[in-house]
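Numbering (full-length UniProt numbering), first residue to last: 1 to 993.
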């Protein structure tokens, strides 16, 4: 597609403009660039122009010019000038030179008698070229879509021809584009090619332009209306609409056919009377005359000779009557006799006149006006001829059909049969059967097979403003589908909102920026299938699963602020005392999934401040404080008992809470002289035992036997470890786990004394996943979901639950609730009947969301059918009752398994099955009934969802024989006298009732 002219950032300060020039003159185009020395190229119809005698190219500084000498009609094309990345297009319009007054007089002067008289202008035929530059102004180039030239509105008279032209640039296309012509909204004209419609295309290798033409032949009033041309490539699409107006043939005044078709110029005045007369009557050269009235008219023309009018010396003659009776070989003689010199024009117009329908002498039965056949099937076209020995010819679109494997000719008596096997779209054409000079016409329409949906749509859930893309796959490439939203069709006129895309067999509906109003059910339809999917558009809502916490750290330690939010795509900024934190070698900011971290290495007193995290696009502010701990060492006597300095000592209980997966770092300042020995123990609460590093169990009393060689119960390396320093020790748990919970005891010993402290560590986590939910109370588009709380709540109470569902064959789970469910049951709605679904559930506490539960058992929303209809009694005897009914009006996706028939005695409430099991028929004969009983009957329809409502016969049925009067049925042949010979057998059968 040609590049559009850029309006900003152009390299040109002066651009060449579209110019008109007369044929044979010179045209000059000038352009100026911002800077001098820029290389400028000129193009003609997409091809670069080189300097020659015809094209003169000049460049002086920043001024450039193109001169075209001896302009001709072939120069009427599109030109372009290119400088760098800037390209400007313009046109040269060539017009014919105006005739001078001298030329006009010379042309109108009478010719010598000896020379051939100049020909009068003959009315042009009804062929109209819509894209012709002589009848219409030059069309502007399309700089946006695929079209270079779009088809324009056209107007034609009944019986005339008209051609619509579309041009597509092929310079940037890898292969030939696909073009379709439509009438109205859906009628594809490719299947209508025949006598009145032709479609052509060609490719110009010089200009690299594809030309597509649709020609309408012998137009009639029904051809008027709106048309559309669609062009598509692998990744682009464009369409153009245009209208055709068909006018009725104008009524002609009283003219003599001899004057209408006479070419000779009459002496005097120098004027061509035929042309003058036509212009006086208001007829254009392309108008259609009523030649029947022309031929029957007996008036004559008066010619002007030296200013005096003399009547023509021809008597009044009915020329039409003479032509009708004369053979075709005499037409030329008659024309010469009556002064008609344009014999060819007369015969051409006489051929268009309506002829009276004559009764066929060659055909007993002609072809039907039209036939239709499915693609791939065979069809027989049959006629009956009057002469059994007559030879016939079969034509397709005017070309004779030859015998082949697909075309078979048969002659059976008077019947002549053409059989077409394995019909394809190429067989959709006009056919003729020719016998002698007579013809029988028909049209064959080939119907394509239904298009199936091989991969259905899937439900989607998005946030407001996100892009939505529905995708489905059909059984045929380039198929036409229809999209609907909540039962309302989405059309291409709404391309501001919706975008449609085709890629092979895949069909797409795209919504670039979704809104709340876009929620609903979207349907894609073909002539062979339907697929429905639901779109849920939710407002953006951010949940904070873990907020940042206050920290108290010592010099040269690490400080980590961490938070977790619900949306992993949300970004944010960290603030220190209201100013944005800038990362460096010591300060690191990370974002992994839903977790945001701020890490400060080697903490200094300057790092003590209020820190905040603000998610972008949301009104949240998560704040925490960093407290810097200074280690103060007071002078102590040389003999000082050991002492543990913990802020939490004396509190009840001494509990430290850590989130599973996080790091626990506990700094314990100690003092004592001489330096005490530090021992860490994990207390077994059941029998107060200590757990050593070698997993042996020792009574806590024996801990006093530990010596002062700095041997620790926990290793100095590993996930759980103790680091020793001169004035404090550090207890570290990397990635806390559930088994790390418990009571930890730290003991200090030196020769002067002993000190100890117990610290309780509690690990909290997200809950365990609940068990698979249970599905009950399944209806037409709803069900009830139930589940149980998780076995372990993570150490924090469960705040609520999140429920998800998906189609059985899909991999996409869709969230059903955005506010946490507090109850253990939920009624899911808005499901599609007959589709198999699965459910799963999450548990949520203050730490976060659990892993999903196992999926529920697959289930299908279905509803029982409605009750059977037209339930009546067909017949009654002394021991049987015959019943009949019709199927339910609504069966549903669950299908129909059968019917159950029951009866109840009058006055009783107990219903008894009348048949063993279910019956699939719509009638039943109930046997072995007691004569005289009065019974009520009812029937129910059964499917997977259960029983329908009961259809009941209102009045009780009495079991007894229906008595009727005897009646004879005398056959017609017995109502007349029978005559038999003596001795013959007579067998008379008389039916009775």
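All residues carry an ideal CB built from backbone N, CA and C; glycine is no exception.
Grouping DSSP H, G and I as helix and E and B as strand, with all else coil, what is residue i?
{"i": "residue 149", "result": "strand"}
{"i": "residue 100", "result": "In this predicted model, residue 100 has a pLDDT of only 47, less than 50, meaning its place in the structure is not dependable; the value taken from the coordinates is given anyway. Correct three-state label for residue 100: coil."}
{"i": "residue 55", "result": "strand"}
{"i": "residue 475", "result": "coil"}
{"i": "residue 1006", "result": "With the chain covering 1 to 993 only, the question about residue 1006 has no answer from this structure."}
{"i": "residue 936", "result": "strand"}
{"i": "residue 736", "result": "coil"}
{"i": "residue 223", "result": "helix"}
{"i": "residue 144", "result": "Residue placement at residue 144 cannot be trusted, given a pLDDT of 49 that sits under 50; the coordinates are not used to answer."}
{"i": "residue 335", "result": "helix"}
{"i": "residue 931", "result": "coil"}
{"i": "residue 977", "result": "coil"}
{"i": "residue 322", "result": "helix"}
{"i": "residue 232", "result": "strand"}
Under a Cβ-count criterion, where at least 16 other Cβ atoms within 10 Å of its own Cβ denotes burial, should residue i be classed as buried or exposed?
{"i": "residue 850", "result": "buried"}
{"i": "residue 555", "result": "exposed"}
{"i": "residue 681", "result": "buried"}
{"i": "residue 559", "result": "buried"}
{"i": "residue 214", "result": "buried"}
{"i": "residue 295", "result": "Here residue 295 scores only 43 on pLDDT, less than 50, and its place in the model should not be relied on; the value that follows carries that caveat. By the 10 Å Cβ count, residue 295 comes out buried."}
{"i": "residue 801", "result": "buried"}
{"i": "residue 671", "result": "buried"}
{"i": "residue 819", "result": "exposed"}
{"i": "residue 200", "result": "exposed"}
{"i": "residue 769", "result": "buried"}
{"i": "residue 839", "result": "buried"}
{"i": "residue 416", "result": "buried"}
{"i": "residue 64", "result": "buried"}
{"i": "residue 412", "result": "exposed"}
{"i": "residue 979", "result": "exposed"}
{"i": "residue 449", "result": "exposed"}
Take residue i as the anchor and find which of the options has the nearest alpha-carbon.
{"i": "residue 510", "options": "544, 472, 543 and 476", "result": "472"}
{"i": "residue 734", "options": "728, 359, 722 and 210", "result": "722"}
{"i": "residue 533", "options": "188, 375 and 460", "result": "460"}
{"i": "residue 1000", "options": "328, 399, 961 and 442", "result": "Lying before the first or after the last residue shown, residue 1000 is absent from the chain, which here runs from 1 to 993."}
{"i": "residue 583", "options": "237, 598 and 408", "result": "598"}
{"i": "residue 824", "options": "844, 655 and 333", "result": "844"}
{"i": "residue 897", "options": "912, 918, 639 and 911", "result": "918"}
{"i": "residue 30", "options": "50, 46 and 68", "result": "68"}
{"i": "residue 994", "options": "414, 405, 379 and 322", "result": "The chain is shown from 1 up to 993; residue 994 falls before or after that span and cannot be answered."}
{"i": "residue 611", "options": "658, 813, 563 and 457", "result": "563"}
{"i": "residue 244", "options": "236, 235 and 219", "result": "219"}
{"i": "residue 853", "options": "239, 659 and 805", "result": "805"}
{"i": "residue 433", "options": "422, 409, 449 and 445", "result": "409"}
Excluding five sequence neighbours on each side, which residues of the same chain lie with their C-beta closer than 6 angstroms to the C-beta of residue i?
{"i": "residue 826", "result": "785 and 803"}
{"i": "residue 891", "result": "865"}
{"i": "residue 938", "result": "902, 950 and 952"}
{"i": "residue 278", "result": "Note on residue 278: pLDDT 34, under 50, position unreliable in the model; the coordinate value appears next. Counting only Cβ-Cβ distances below 6 angstroms, and skipping sequence neighbours, we find nothing."}
{"i": "residue 544", "result": "565"}
{"i": "residue 776", "result": "784"}
My assumption, with CB atoms under 8 angstroms, is that residue i sits in contact with residue j. Please give the rounded CB distance.
{"i": "residue 71", "j": "residue 24", "result": "7 angstroms"}
{"i": "residue 609", "j": "residue 576", "result": "5 angstroms"}
{"i": "residue 728", "j": "residue 658", "result": "Residue 728 to residue 658, Cβ: 20 angstroms. No contact."}
{"i": "residue 570", "j": "residue 641", "result": "Going by Cβ atoms, the distance from residue 570 to residue 641 rounds to 54 angstroms, so no, they are not a contact pair."}
Verify the contact flag: residue i, CB atom, against every heavy atom of the ligand SAH, threshold strictly below 7 angstroms.
{"i": "residue 547", "result": "This structure does not include the ligand SAH; it has no bound ligands of any sort."}
Which residues in the same chain have their Cβ closer than 7 angstroms to the Cβ of residue i, if we skip the five residues on either side of it in sequence?
{"i": "residue 485", "result": "520 and 522"}
{"i": "residue 941", "result": "865, 867, 868, 888, 896, 899 and 948"}
{"i": "residue 370", "result": "442, 443 and 445"}
Enumerate in chain order the residues of its own chain whose CB-to-CB distance from residue i is below 8 angstroms, with the five nearest sequence positions on each side excluded.
{"i": "residue 178", "result": "231, 232, 233 and 478"}
{"i": "residue 943", "result": "862, 864, 865, 891, 892, 894, 895, 896 and 897"}
{"i": "residue 741", "result": "761, 762 and 763"}
{"i": "residue 326", "result": "334"}
{"i": "residue 182", "result": "188, 189, 227, 228, 229 and 230"}
{"i": "residue 16", "result": "29, 30, 31, 66, 79, 81, 88 and 90"}
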